[in-house]
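The next block holds one structure in the form of structure tokens; read it before the comments.
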Amino acid sequence: MIYVGILGFGVVGSGVAEVIEMNIAKINNHLGQELQVKRILDVRHFSDHPMADRITVNADDIFEDDDISIIVETIGGSGIAYDYTVRALSAGKTVVTSNKELVSTHGVELMQLAELNTCSYLFEGAVGGGIPIIRPLHRCLAANRIMSITGILNGTTNYILTRMTEEGKDFSSALRRAQEKGYAEQNPAADIDGIDTQRKISILASIAMNGAYVNPGEIYAEGISLIGVTDIAYAKAFGCKIKLLAIFLNPNDRKANILVAPHFVSREDPICVADGVYNAIHVYGNALGGVMFYGKGAGKLATASAVVGDILDGALHKGRNAHITPWFYPAESAVVPHHEMNVKALIRVSGRPSIDQISGYFPESTVESVPFVSDEESAFIVGKEGNLTELDLEEAVKCIPGYISRIRIYSSEQ
0 MIYVGILGFG VVGSGVAEVI EMNIAKINNH LGQELQVKRI LDVRHFSDHP MADRITVNAD
60 DIFEDDDISI IVETIGGSGI AYDYTVRALS AGKTVVTSNK ELVSTHGVEL MQLAELNTCS
120 YLFEGAVGGG IPIIRPLHRC LAANRIMSIT GILNGTTNYI LTRMTEEGKD FSSALRRAQE
180 KGYAEQNPAA DIDGIDTQRK ISILASIAMN GAYVNPGEIY AEGISLIGVT DIAYAKAFGC
240 KIKLLAIFLN PNDRKANILV APHFVSREDP ICVADGVYNA IHVYGNALGG VMFYGKGAGK
300 LATASAVVGD ILDGALHKGR NAHITPWFYP AESAVVPHHE MNVKALIRVS GRPSIDQISG
360 YFPESTVESV PFVSDEESAF IVGKEGNLTE LDLEEAVKCI PGYISRIRIY SSEQ
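Be aware that the sequence shown starts at 0, since it is given in numbering that gives the first Met the number 0, and climbs by one per residue.
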């Protein structure tokens with residue numbers, strides 16, 4: 000018998016219990032033994048829930064129960080969730096989580112602690128919701144050097160941008176709609192400012208870099224709150240959509256270019272299939288080539304599906320370590336400084352400056368004018384050819400009279 004304890008009985012925690020009960024016959028057959036949720040920790044009372052008799056407010060009921068070998072952490076954040084995770088791993092109990100904040104900030108320590116105590120720290124649900132991506136990266140693609148990862152990793156921002164594109168809503172209206180439907184928190188800052196996506200790509204990058212830890216703080220992140228209806232109009236005129244992309248590029252197996260930012264993406268690009276709350280992740284390996292992962296990036300049962308998959312993995316490796324190669328702190332940062340990265344972008348400028356005037360600010364790269372979508376402004380594509388770094392772009396736009404904004408242009412060949 001495999002006994003499981005769940006910490007937190009909110010959306011994901013209750014979803015884990017539901018998936019286990021829903022598919023218990025298949026789960027038991029897969030394991031060759033029975034699996035049971037024995038205890039659930041939550042400060043709230045669930046008197047009408049079928050598992051009410053298993054819910055406790057005392058964490059010791061889980062941690063001091065020697066029968067419980069797997070603990071599911073669904074509390075979130077990096078406060079008490081961190082303390083409980085350390086306590087569980089130190090006791091040799093496998094921990095399964097979807098907590099991307101905890102994994103991205105304390106993953107090195109927690110994976111090493113799991114290895115030391117012959118248990119596992121598993122986090123498939125931390126990136127992509129129900130989409131399998133962690134395990135494919137470190138197992139199925141282990142024979143590949145990962146050269147690039149491009150992902151739409153946040154369902155909230157993707158839903159907002161989809162509503163702006165399909166319904167002509169402005170950002171504030173689309174955000175309110177997302178909140179009404181439960182796709183966005185009342186305080187949506189972590190989502191709309193790109194922080195959630197930043198954490199997720201740091202996890203994928205650390206795996207792709209063979210365990211060399213990539214701190215999310217090293218990754219430039221830009222959100223979507225400044226995207227307006229005119230930006231959407233330009234995207235439509237170019238046959239594109241605006242997507243918040245997480246990009247990891249490491250073609251030479253050295254330091255990686257990593258960033259999170261809104262991009263114009265061609266509607267013909269496979270990653271553009273992801274609209275609404277759906278996520279998409281494109282991975283390129285030097286042996287396999289490109290492979291695409293697509294599905295629900297959030298939601299109760301979608302995330303729980305990934306978490307329960309990790310529970311089964313932990314159960315099958317009971318008394319052994321099932322997680323990925325432990326991360327380590329590299330001697331120097333594995334990330335190229337943001338200002339050194341090359342960039343291609345569309346810039347918007349008020350009035351009607353000539354292409355020669357704008358070209359004067361970009362001596363090392365090409366400048367192309369584009370058709371107007373507004374009578375009051377002009378737009379130019381910079382960096383399509385030549386050498387234009389993020390620093391060059393930032394310094395140039397500071398000097399351009401009437402500069403409005405810029406959005407990067409994504410190419411799958413970059």
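Built from N, CA and C at the ideal position, the CB exists for glycine as well.
Residue burial classification, residue i (beta-carbon count within 10 angstroms, cutoff 16)
i      : result
Glu184 : exposed
Gly154 : buried
His44  : exposed
Leu417 : Residue 417 lies beyond the stretch modelled for the chain, which goes from 0 to 413, so this question has no answer here.
His338 : exposed
Arg198 : buried
Thr93  : buried
Lys240 : buried
Tyr83  : buried
Asp190 : buried
Arg53  : buried
Ala220 : buried
His281 : buried
Asn157 : buried
Met21  : exposed
Terminal residues of the beta strand (DSSP E) in which residue i lies
i      : result
Ile74  : Here Ile74 belongs to no beta strand (DSSP E), and DSSP marks it neither H nor E.
His262 : Asn256 to Ser265
Val290 : Gly288 to Lys295
Thr96  : Thr93 to Thr96
Ser228 : The sequence shown places Val at residue 228, not Ser. Counting along the chain, Val228 falls outside any beta strand (DSSP E), though it belongs to the alpha helix (DSSP H) covering Val228 to Ala236.
Under 8 Å between C-beta atoms of residue i and residue j
i      : j      : result
Ile61  : Leu40  : yes
Asp312 : Leu140 : no
Ala125 : Ser119 : no
Val381 : Leu390 : no
Ala80  : Asn98  : yes
Ile200 : Ile226 : no
Leu300 : Gly14  : yes
Ile257 : Val334 : yes
Gly128 : Gly296 : yes
Ile70  : Lys37  : no
Val306 : Val11  : yes
Thr149 : Ile270 : yes
Ile408 : Lys343 : yes
Ile130 : Phe292 : yes
Glu133 : Asn249 : It is worth fixing the name first, because residue 133 is Ile in this sequence and not Glu. Going by C-beta atoms, Ile133 is not nearer than 8 Å to Asn249.
Phe379 : Ile403 : no
Ser364 : Gly385 : yes
For residue i, the three-state DSSP class (helix, strand or coil)
i      : result
Ala333 : coil
Glu367 : strand
Lys343 : coil
His44  : coil
Leu152 : coil
Ser410 : coil
Ile54  : strand
Arg414 : Outside the displayed span of the chain (0 to 413) sits residue 414, for which this structure offers no information.
Phe62  : helix
Met110 : helix
Ile130 : coil
Met435 : Residue numbering for the chain in the displayed model covers 0 to 413; residue 435 lies beyond these limits and cannot be assessed.
Ala211 : strand
Cys239 : strand
Ala188 : helix
Ala204 : helix
Ile246 : strand
Arg198 : helix
Arg405 : strand
Asn116 : coil
Ser13  : helix
Ile159 : helix
Gly4   : strand
Ile280 : strand
Ile67  : strand
Tyr328 : coil
Leu121 : strand
Tyr219 : strand
Ser349 : strand
Limits of the unbroken alpha helix (DSSP H) element including residue i
i      : result
Cys398 : Glu389 to Cys398
His29  : Ile23 to Leu30
Gly313 : Lys299 to Leu315
Ala173 : Phe170 to Glu179
Ser430 : Residue 430 is absent from the structure shown; the chain starts at 0 and stops at 413.
Ile357 : Ile354 to Ser358
CB contact check: residue i to chain C, cutoff 8 Å
i      : result
Asn341 : In the structure shown, chain C does not exist; there is a single protein chain.
Cβ contact check for the region 262-272 and the region 228-245: 3 or more pairs under 8 Å: Flag = yes, the region 262-272 and the region 228-245 touch.
The region 366-377 touching the region 320-330, judged by at least three CB pairs closer than 8 Å: no
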